Amino acid sequence: MTIGKSLPRYEGLGKVTGQAKFPADYYMPGMLYGKTLRTPLASAKILRLDTSKAESLRGVAKVVTAQDIPGENGHGVIFPDAPILVEDRVRSINDAIALVAAESEEIAEEALSLIKVEYEELPAVYDPREAMKEDSPLVWDKGNILYHLPIRKGDVEKGFREADVIVENKYSTQMVDHAFLQPEAALSYIDETGNLVLRVATQYVHWDRTEIARALNININQVRVVCATVGGAFGGREDMTLQLHCSLLTWLTKRPVKMVYSREESFKAHSKRHPIYMKYKTGCTKEGKLIALEAEFIGDAGAYSSWSPNILRKSAVHATGPYYVPNVKVDAYAVHTNNPFTGAMRGFGAAQPPIAYEAQMDLLAKELGLHPFTIRWRNAFEEGSETATGQILETSVGLKETLLATAKAYGWDVEKLY
Amino acid sequence: MIGTKSFEAIVNGEQVKLNIPQNLRLIDVLRNYLGLTGTKEGCGEGECGACTVLVDGEPYNSCLLFALQVQNKNILTIEGLASYNNLHPLQESFLEHGAVQCGYCTPGMLLVAKALLDKNPNPTREEIKVAISGNLCRCTGYSKIVDAISAVAEKGVKR
Amino acid sequence: MGVEFYKPQKLEDVLDVLATKKGPLKILAGGTDLMLDIRNKKYEVAGIVDINLLSELKNISVEGEFIKIGSLVTFTQLANSTLLQERVPFLVEAANSVGAPQIRNQGTIGGNIANASPAADSVVPLIALDAICSVLSPLGNRDIPLNQLLCGVGKTRLASDELIVEVKFKLPRKITRSAFVKFGRRNALAIARMSVAILLGLDGNKVNAARVALGAVAPNPFRSLELENMFLNKAMEEIDVDEVIARSSMVVSQALGNRPSAKWKNEAIKGLMRQVLSKIGIM
Ligand SMILES: Cc1cc2nc3c(=O)[nH]c(=O)nc-3n(C[C@H](O)[C@H](O)[C@H](O)COP(=O)(O)OP(=O)(O)OC[C@H]3O[C@@H](n4cnc5c(N)ncnc54)[C@H](O)[C@@H]3O)c2cc1C
Ligand code: FES
Ligand code: FES
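Same order as they appear, the protein sequences are chains A, B and C.
Everything in the first sequence is counted per the numbering used here, starting at 1 for the first residue and increasing by one.
Everything in the second sequence is counted per the numbering used here, starting at 1 for the first residue and increasing by one.
Everything in the third sequence is counted per the numbering used here, starting at 1 for the first residue and increasing by one.
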């Protein structure tokens, strides 16, 4: 009935009338306002943390530090290595150190300024290529290399020997923020049955719930996470930001708590797109057939794992682009640094490699005097193609149709370009 | 209350009178005192337009205005644009043209569009783009929003 | 907290508040700068003096040989003024290049001046026009040239109880050409990374008056006599465009010294100059 037809957005009415409720739009009588103290240092040891002045400020209901966490002090979509609140070791700028719940935002803000933290600064590393070296400062004692995926297919050495043209280059991409328009916000409270309820904009209701239960050391069925209207996410709401903080404040005060990030804190709190340093060596024959490809990806994971292994895996899998190459050698690494942590963002590791492999294609075409369309056409995946990881593409490989449609839209005479 | 002042204005057609802290922003009065949470805060510094309201018919960022600055003015928020079962043509057009995704930018977009069409019922696409240039959308992209606005601005929109 | 909001009805009342109320006091015009400065705790304030009820500061008028612009005139008003569109189009272009419609509705010319940003858009053409500010304080009235009023990044020679009432400049001769261009990171909502305002007075085909001002190059926008001289007393087609462009790069380079931005601004000015020259029809 409706296939091939655009349906009206079912929650659209609330959105055009201003009635849709994003998390910051919830209020409760008697609610407290929560704020987070974050560190300005990238790598340090906390020597002393003094919250006494903040606690005695009028209107402050609770100051929470790592010691107050009833359950486990860690979270993460794969490994729970991100601290909810830093206990002693700061690994990244903006790590959360303490939380305050107070009767007003202003009081909470003032309380933050009364918390004294004494640090010993430690050496830090900000470039994942440096972080891979033997003598690099260690973000984690177990070593900075979080993940390595090698892909081997055929014999690249032989492939390059047979190549007529080889192009070799380095590429890098930068850190990017999702900048979803709605900064993080949440409201938590204890309901009439004594359970914790959290209203938040999130991409993972079920996982938030699991992690909150683990942090509060309660049963998962004592936690209800209600997803409010989500003001954009793009991957940036996959990791926890204020979910655990807000829940902790409610659990420890037994009062409703609201937290709303400013844009600035939003930038500080959530993940970023991975900067990836890429080395590419691509060889092809005179006819423009790719014959060997060698690629190395070094992705900056920042201090905490988040989705880094999965993301660098995806980069590796996409290393050849949608082109058939018989001989492939890829090494993808996710490496810890003291930078802000990186995680999911639109493309999830598949967005960075095209910068490199498509540039390589253009350069090869130029060397050979071929049209950019031609070199792509001659190597394009089609049904039955085998990828670098050995996957046979069985159905739905629309690349050639797409190339044709694009070429026509450009007004290229494709008949001459095959 | 000590330190407060009386704030009077017409908000969505109704006379409002409140005592408020003197440095309060208009957005805070609308959201926290009047419960008009359709006005959104995206940046708090004039960059995103999510907090746009109309003051005497013209768009302003309510995050940059002290409430007392618009004393006695006529303020329109998204809640005043129309009622649930009697939508403004712009609201219908936004829904029809897929100009709404997450919806966080939508109230601001609708209000700048209304201000534009009230003054200039037949704008060019370029004029529409200028009118929405203070409003960021991170989801939808702008072409559907421009489409939605120009559809309302009569069919004969110049390209 | 604890901020007192004053809303005086008349100029005398403003002066009275400024003279008698507990400071630090800050004048509030549009508030597009002030709101953020206060929220970012750039300074302490005990009182905000909202001057928006002074409708006499909201006019654009011609008096004798001067155009007078009230300090509360907004960018939107500047942009919509037919008088300014006709006589000083580059001021209109500058006003239109500010922020976005919301910011132009709220931000004022007085605030743009008093905020003293190196990149203040309206200030660049005003400097080119040798504008003068009329300033009022409990001690009385005084006129001060804009280029003397501004004295560094965010700094002015205004006393804390002084108010800019209006800004005025001599009406340029009928036959002039002017243009403003701005280099920002994007089209809307971009603070100028660099800007140029140019105004040429013409006698037939001959340039008999030239003004060139640069923004976001020095602590405050400034006129470059060196560049102006390259236009003076020349017929339009005699102007050596390449020479002007090359010289503009030297002017920028001298102004910036070894500041990190010098490296790209020396280059970027060439493109800006080319744009501004083509806008006034020299290229
Ligand atoms: C999102 C955004 C984008 C912006 N984009 C631009 C841009 O593109 N170009 C640009 O130039 N600026 C830009 N600005 C800066 C700002 O809008 C302008 O500087 C504007 O002109 C300030 O005017 P206002 O009336 O809002 O000043 P206010 O904020 O009211 O005042 C600014 C300062 O001037 C003082 N002051 C104001 N009026 C007077 C007076 N009459 N006498 C004495 N002192 C006075 C105030 O006390 C304060 O210190 C932008 C600002 C924002 C928030
Ligand atoms: S919240 Fe006001 S402009 Fe972004
Ligand atoms: S729809 Fe999400 S920001 Fe516009």
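Think of the CB as a built atom: it goes at the ideal place given N, C-alpha and C, for glycine as much as any other residue.
Computed from a predicted structure; not experimentally measured.
- Of all residues in the stretch 46-65 of chain B, the ones placed with a Cβ closer than 7 Å to any Cβ belonging to chain C are G46, E47, G49, T52, E58, P59, Y60, N61, L64, L65, in chain order.
- When C-beta distances to chain B are compared with 8 Å, the residues of the stretch 32-52 of chain C below that value are T32, M35, L36, I38, R39, I48, D50, N52, in chain order.
- Between C51(B) and T37(B), the beta carbon gap of about 11 Å keeps them out of contact (Cβ cut-off 8 Å).
- For K279(A), DSSP records a beta bridge to K170(A), E296(A).
- In chain order, K15, V16, T17, G18 make up the part of chain A whose C-beta sits under 9 Å from the C-beta of P107(B).
- Going by beta carbons, G134(B) and G99(C) fall inside the 8 Å limit.
- Contact residues of the stretch 90-105 of chain C toward chain B are G99, A100, P101, Q102, I103, N105 (C-beta to C-beta distance below 8 Å).
- Between N73(A) and T39(A), the CB-CB gap reaches or exceeds 8 Å.
- Residues lining ligand 2 by the Cβ criterion, that is a Cβ closer than 6 Å to any of its heavy atoms, are E41(B), G42(B), C43(B), G44(B), G46(B), E47(B), C48(B), G49(B), A50(B), C51(B), N61(B), C63(B) in chain order.
- In the three-state DSSP reduction, I113(C) falls in the helix class (H, G or I).
- Using a 10 angstroms sphere on the CB of G369(A), the tally of other CB atoms stays under 16, which defines it as exposed.
- Boundaries for G35(B): no alpha helix (DSSP H) harbours it, and the DSSP string shows neither H nor E there.
- Using a CB distance below 8 Å, the part of the stretch 20-43 of chain B facing chain C consists of P21, Q22, N23, R25, ordered along the chain.
- No Cβ of chain A is located within less than 8 Å of the beta carbon of Q15(B).
- When distances are taken from the beta-carbon of Q101(B) to the heavy atoms of ligand 3, the shortest one is below 7 Å.
- The stretch 57-64 of chain A and the stretch 277-286 of chain A do not touch, with fewer than three beta-carbon pairs separated by less than 8 Å.
- DSSP places F75(C) within a helical segment (H, G or I) once states are collapsed to three.
- Nearest neighbour of S61(C) by Cα position, chosen from N52(C), L53(C), L54(C), V73(C), turns out to be V73(C).
- In the pairwise beta carbon analysis, the stretch 223-234 of chain A is classified as touching the stretch 164-182 of chain A: at least three pairs are separated by under 8 Å.
- For the pair A332(A) and L85(A), the CB atoms are not nearer than the 8 Å cut-off.
- Closest option to N221(A), judged by alpha-carbon separation, among D191(A), H245(A), E238(A): D191(A).
- H88(B) sits in coil when the DSSP states are folded into three classes, being neither helix nor strand.
- In the three-state reduction of the DSSP assignment, K289(A) falls in the coil class, being assigned neither a helical nor a strand state.
- With fewer than 16 other beta carbons inside 10 angstroms of its own, W264(C) counts as exposed.
- Exclusion of the five residues before and after R31(B) leaves T37, T39 as the residues of its chain whose Cβ lies within less than 7 Å of its Cβ.
- Chain-order list of chain B residues neighbouring F180(A): R138, by C-beta distance under 7 Å.
- The beta carbons of I355(A) and A365(A) sit about 17 Å from each other, so the pair does not count as a contact at 8 Å.
- Your pair L232(C) and V251(C) does not check out as a contact, with CB atoms roughly 16 Å apart and the cut at 8 Å.
- Shortest gap from the CB of Y333(A) to any heavy atom of ligand 3: 7 Å or more.
- Around K7(C), the beta-carbon contacts reaching into chain B at under 8 Å are L68, Q71.
- For T176(C), the enclosing beta strand (DSSP E) covers residues 176-183.
- Taking 8 Å as the cut-off, the beta carbon of I78(B) is found closer than this to the beta carbon of L110(B).
- Annotated three-state conformation of S308(A) is helix, per DSSP.
- For the stretch 361-384 of chain A, the beta-carbon criterion of a distance under 8 Å to any beta-carbon of chain B is satisfied by none of its residues.
- Listed along chain C, the residues sitting closer than 7 Å to K5(B) by beta-carbon distance are F5.
- Look at S133(B): its C-beta is under 8 Å from a C-beta on chain C.
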